[in-house]
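**Student:** Quick one: the structure is below, and I'll ask about it shortly.
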Amino acid sequence: MSPVPRLVAALFVLLLSYPLVSGGQVSWLKRERNAAVARKAKRYLLVPMETAVPEARIDMRYKVTSAAGKPLYPADLPCLVHRSTAAKLRLVAKELAEHGYALKIWDAWRPPEAHQALWDAVRDERFVVPPSKGLSWHCYGVSIDLTLVRLDGNEVAMPSRFDEFSPRAASKYRGGDPEVARRLELLQNAMRRQGFRTIESEWWHFDDMKPQGGVRNVTAADLGIRMP
Ligand SMILES: [Zn+2]
Numbered sequence: 473m474s475p476v477p478r479l480v481a482a483l484f485v486l487l488l489s490y491p492l493v494s495g496g497q498v499s500w501l502k503r504e505r506n507a508a509v510a511r512k513a514k515r516y517l518l519v520p521m522e523t524a525v526p527e528a529r530i531d532m533r534y535k536v537t538s539a540a541g542k543p544l545y546p547a548d549l550p551c552l553v554h555r556s557t558a559a560k561l562r563l564v565a566k567e568l569a570e571h572g573y574a575l576k577i578w579d580a581w582r583p584p585e586a587h588q589a590l591w592d593a594v595r596d597e598r599f600v601v602p603p604s605k606g607l608s609w610h611c612y613g614v615s616i617d618l619t620l621v622r623l624d625g626n627e628v629a630m631p632s633r634f635d636e637f638s639p640r641a642a643s644k645y646r647g648g649d650p651e652v653a654r655r656l657e658l659l660q661n662a663m664r665r666q667g668f669r670t671i672e673s674e675w676w677h678f679d680d681m682k683p684q685g686g687v688r689n690v691t692a693a694d695l696g697i698r699m700p
């Protein structure tokens with residue numbers, strides 16, 4: 473082929489492929505994929521946190537890193553939560569807003585595939601439910617890991633970082649700064665009032681003790697999500 477027709481052919485291929493790689497097309501595909509996942513999740517009573525609890529900020533730590541030393545979640549994993557748990561979180565969010573705080577969600581529904589990876593990395597029953605003993609309640613979307621931030625999203629001091637496996641992670645830890653202790657108590661009391669249970673080893677973890685409508689273990693595969 474002479475250089476001119478070759479150039480025309482190359483331009484033609486470029487023109488044909490343009491809509492597939494344009495930013496608009498990519499975000500449309502992303503929206504479609506998210507909508508498909510949300511439709512499937514609904515069948516398991518899981519709803520997207522961002523619409524069910526719009527007051528909450530979302531910062532899913534396992535998209536960034538984990539005790540396994542690498543992200544457990546794909547970057548596009550939606551933050552899902554059991555529908556009735558979301559309703560309770562909304563009430564908590566409204567109560568805390570009166571004190572100038574918002575909830576920041578670190579983890580909610582956790583695909584069992586990721587839970588297994590977390591267990592493989594931590595292997596400490598104080599912090600992770602061993603898969604041999606059953607699934608974490610996160611896998612049903614009724615456990616939440618969260619912290620407090622200011623209403624404008626600014627961080628506030630809390631007893632420890634997420635997944636800091638130290639004595640400061642204990643839900644009864646009240647050492648150090650009295651303001652931090654008061655803040656933690658405010659969060660725990662608001663959560664308990666809506667029927668959440670705290671656990672000894674992690675101040676950021678809460679279980680919804682009475683999710684309505686039943687619970688089901690939901691895997692990433694069930695929702696058509698590919699794990700890393
Ligand atoms: Zn948790």
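Convert by adding 472 to the 1-based position in the sequence shown; the result is the number in the working numbering. Where a beta carbon is used, it is the ideal one built from N, C-alpha and C, also for glycine.
Just to confirm my understanding: we take D531, look at its own chain, exclude 5 residues before and 5 after, and list those with CB closer than 8 Å. What are they?
**Tutor:** Taken in chain order, the residues that qualify are K576, I577 and W578.
**Student:** Could you check whether H677 and D617 sit closer than 9 Å to each other, using their CB atoms as the reference points?
**Tutor:** For D617 and H677, yes; Cβs fall inside 9 Å.
**Student:** Which full runs of the alpha helix (DSSP H) of 4+ residues lie inside the region 548 to 578, going along the chain?
**Tutor:** For the region 548 to 578, whole alpha helix (DSSP H) runs of length 4 or above, ordered along the chain, are 555 to 569.
**Student:** Which residue comes first and which comes last in the beta strand (DSSP E) that contains V621?
**Tutor:** Start and end: S615 to R622.
**Student:** Under the assumption that A574 contacts L568 (Cβ atoms under 8 Å), give the Cβ distance between them as a whole number of angstroms.
**Tutor:** Correct: roughly 7 Å between the Cβ atoms.
**Student:** On the three-state DSSP scale, how would you describe R698?
**Tutor:** R698: coil per DSSP, three-state reduction.
**Student:** Quick one: give me the first and last residue of the alpha helix (DSSP H) that V519 is part of.
**Tutor:** Segment L518 to P520 is the beta strand (DSSP E) holding V519; no alpha helix (DSSP H) there.
**Student:** Using 8 Å as the threshold, is the region 583 to 598 in touch with the region 608 to 615, meaning 3 or more CB pairs across them?
**Tutor:** Flag = yes, the region 583 to 598 and the region 608 to 615 touch.
**Student:** Whose C-beta lies closer than 6 Å to the C-beta of Y516 among residues of the same chain, with five residues either side of it excluded?
**Tutor:** Closer than 6 Å at Cβ, skipping near neighbours: R688 and V690.
**Student:** Can you tell me which of G686, R529 and L561 puts its alpha carbon nearest to the alpha carbon of A662?
**Tutor:** Taking only the C-alpha atoms, the option nearest A662 is L561.
**Student:** Run through DSSP, which three-state label would E627 get?
**Tutor:** Strand at E627.
**Student:** Using alpha carbons as the reference points, say which of P650, E672 and E527 lies closest to V621.
**Tutor:** The shortest C-alpha separation from V621 is found at E527.
**Student:** Of the choices R655, P583, W500 and Q666, whose alpha-carbon is the least far from that of L563?
**Tutor:** If we check each option's Cα against that of L563, Q666 comes out closest.
**Student:** Determine the closest residue to L695 out of A513, D680 and K566, with distance taken between C-alpha atoms.
**Tutor:** For the residues A513, D680 and K566, the minimum Cα distance to L695 belongs to A513.
**Student:** If you draw a straight line from the alpha carbon of G613 to that of V601, how long is it in whole angstroms?
**Tutor:** G613 and V601: Cα-Cα distance of roughly 15 Å.
**Student:** Residues in its own chain within less than 6 Å of V594 by CB, not counting five upstream and five downstream?
**Tutor:** Contacts found: A539 and V600.
**Student:** Cα separation between A529 and E651?
**Tutor:** Strictly speaking, residue 529 in this sequence is Arg, with Ala absent from that position. Whole-angstrom Cα-Cα distance: 22 Å.
**Student:** Helix, strand or coil for V690 per DSSP?
**Tutor:** Looking at V690 - three-state DSSP - the assignment turns out to be coil, as it is neither helix nor strand.
**Student:** In three-state terms, what does DSSP make of L488?
**Tutor:** Below a pLDDT of 50, predicted positions are generally treated as unreliable, and L488, at 49, falls in that range; the measurement from the model is reported next regardless. Helix at L488.
**Student:** Among E674, Q660 and M521, which residue has its Cα nearest to the Cα of S638?
**Tutor:** When only C-alpha atoms are compared, the closest one is E674.
**Student:** The alpha helix (DSSP H) with D680 in it runs from where to where?
**Tutor:** Not the alpha helix (DSSP H): D680 falls in the beta strand (DSSP E), residues H677 to D680.
**Student:** Would W581 be called buried (16 or more neighbouring beta carbons within 10 Å of its own) or exposed?
**Tutor:** Buried, because 16 or more other Cβ atoms sit within 10 Å of the Cβ of W581.
**Student:** From the DSSP secondary-structure annotation, give me the bridge partner or partners of I530.
**Tutor:** Beta-bridge pairing links I530 to I577.
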